[in-house]
């Protein structure tokens, strides 16, 4: 599977929350963000 790199700008509080959540769940930030992005599909109306 091809991979694409993106960059995002976060507020300091958002980055701190991502840092804390990643440590708490013992997961990488990339893994956490991928899961969140994949969860968007469940929130989309079915076509």
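In UniProt numbering, the protein residues as written are 1 to 47. Quick reminder that beta carbons are idealized off the backbone N, C-alpha and C, glycines included.
query	result
Residue 14 in three-state terms, based on DSSP	helix
Whole-angstrom C-beta distance between residue 18 and residue 32, which should lie under 8 Å	7 Å
Helix, strand or coil at residue 9 according to DSSP, with G and I counted as helix	coil
Straight-line Cα distance separating residue 36 from residue 3	17 Å
Spatial neighbours of residue 46 in its chain, beta-carbon cut-off 8 Å, leaving aside the 5 residues before and after	none
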